[in-house]
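Everything on this sheet refers to the single structure shown next.
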Amino acid sequence: SFDSGKLRTFLSRFTKVVEEYLMLVKLRKDDFGRKKLLVDIFGKDGEYEFFRKSTNQLLEELEGRRGQDLDYFREKLMLSWDLFYHPNTQMLLEEKVTLNSINSNLDLFFILAKIKIACDLKTQERIQRESSSISFLEDVKEEIEKLYAEDYPTVKFFLQILRFKKEDNEDDFYLAKSALIEDSGRLNKLEKKFALFHLLNFIVGKTFLGKSGYTEAGLELYKYGLANDLLVVDEKMTNHTYMNIVAFSCFEKDFAWVEEFIEVNKKYLDQETSKDAETFSLAYLAFFKKDFSTAIDLINNYRFTRITDICRGDFLLLRSYFEYTILDGTYFKKFVDFSNAWEKKLKRDIQLSKEKKESYLNSINIIRKIGKAINKNKIDKVKFLNLLNDKELIVGKVWITDRINQLK
């Protein structure tokens, strides 16, 4: 007969077996981790000479690594600390591990960790619109540059990332970008992902604000990320990354490359929304190739599932109708009717954030005014550029600026 108690006991024991198996699999793949575990066992089981010898071997192995990243300094710190402060260690006679070396590794681990946290806080500030400060770092940043930046390239690299994040320093952005792309093995994969994220975040932010001249660097970074397997995690790529790559490729008119990208990489997208990203990307590509009828058909004949994708699609429709208005004045009524209808729908929407809604409404208003001026042949570039620059929240600011400048 069924015994729930026996079942629970079996499942509990089975879970422990599975956990132990997973740990063993992990250790078999992690040679350094396995050696560290042995060192820990030797140190706690009274095998001091094995412990001391194995610790020094691991420290030598670390010294042979090309990269000096956060993990490198953390491992050196913990191994040195455990050896130096082991009860059987004669501190004054220990040659390879000294208080100075422990202190230096502690400083470098602390510095890199603080810089990484500061970079992420700057990104969080832009999203949450709340300022923040990182304790200690501001007070000692100049001292860090004097003592460590030249001798430790990783520290110098991360300081460059922090400066362009914090001070909007374009020179440091391009220095950090070059350092990443030209890296010869100094950075591990996690550090490269971290750097790539902040470099792309800087470019996407600039582009959103209507700053031109960053799309070439953006596409170069995205291609670097693809080539170095930094953008696909567990066989998954986010829709945001996928569509950003398409956008930057279209800005740079790299049409043949992006057509292949759309087809090859759609398999990495989330199954539930992959068709949304693929359809919008194909429509976006058609728009930039000036095939406006295909862009309009793709958007109108597909039902997007998420409000963010619905708005992207509607905004591309608005742009397509606007371009048709310039080519053929008979599309003017369609353009105005659509802009009015979408504006009303947006004002009633309760899913979009206040900032995103305002961004779209501002864009609709400006594009509609430009379209009406073109229809009446009363174009005032200066007026439109001033109107555009008066608004902080605008979707498609680079494109709108470009269209204004092309007006005759």
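Take the working numbering: the last position of the sequence shown gets the number 907, and nothing is skipped along the way.
Beta carbons are placed, not taken as given, at the ideal position from N, Cα and C, and that holds for glycine.
Values in this document were obtained by computation on a predicted structure and should not be read as measured data.
Starting from residue i, follow the alpha helix (DSSP H) in both directions and report where the run begins and ends.
i, result
"residue 652", "652 to 666"
"residue 699", "688 to 707"
"residue 670", "669 to 680"
"residue 840", "831 to 847"
Please report how far the alpha carbon of residue i lies from the alpha carbon of residue j, in whole angstroms.
i, j, result
"residue 640", "residue 700", "23 Å"
"residue 566", "residue 869", "54 Å"
"residue 665", "residue 659", "10 Å"
"residue 579", "residue 527", "24 Å"
"residue 529", "residue 523", "10 Å"
"residue 846", "residue 856", "8 Å"
"residue 884", "residue 643", "44 Å"
"residue 544", "residue 558", "21 Å"
"residue 588", "residue 721", "50 Å"
"residue 517", "residue 858", "51 Å"
"residue 902", "residue 796", "23 Å"
"residue 886", "residue 865", "8 Å"
"residue 703", "residue 783", "17 Å"
"residue 787", "residue 839", "24 Å"
"residue 914", "residue 617", "A question about residue 914 goes unanswered here, because the residues of the chain that appear run from 500 up to 907."
"residue 621", "residue 661", "9 Å"
"residue 727", "residue 778", "26 Å"
"residue 607", "residue 654", "8 Å"
"residue 835", "residue 808", "22 Å"
"residue 899", "residue 657", "35 Å"
"residue 678", "residue 614", "17 Å"
"residue 716", "residue 651", "26 Å"
"residue 833", "residue 852", "28 Å"
"residue 504", "residue 683", "58 Å"
Helix, strand or coil: how does DSSP classify residue i here?
i, result
"residue 735", "strand"
"residue 761", "helix"
"residue 597", "coil"
"residue 818", "helix"
"residue 906", "coil"
"residue 780", "helix"
"residue 791", "helix"
"residue 745", "helix"
"residue 872", "helix"
"residue 719", "helix"
"residue 517", "helix"
"residue 891", "coil"
"residue 529", "coil"
"residue 877", "coil"
"residue 727", "coil"
"residue 649", "coil"
"residue 542", "helix"
"residue 851", "coil"
"residue 800", "coil"
"residue 712", "coil"
For residue i, which residues of its own chain have a beta-carbon under 7 Å away from its beta-carbon, when the five flanking residues on both sides are left out?
i, result
"residue 878", "872, 906"
"residue 571", "561, 564"
"residue 894", "814, 858, 859, 862"
"residue 532", "526"
"residue 734", "767"
Using a Cβ-Cβ cut-off of 6 Å (strictly less than) and excluding sequence neighbours within five positions of residue i, which residues of its own chain qualify?
i, result
"residue 803", "775, 809, 812"
Any alpha helix (DSSP H) of 4 or more consecutive residues that is wholly inside the stretch 555 to 622: Taking only runs of at least 4 residues, the alpha helix (DSSP H) segments lying wholly in the stretch 555 to 622 are 569 to 583.
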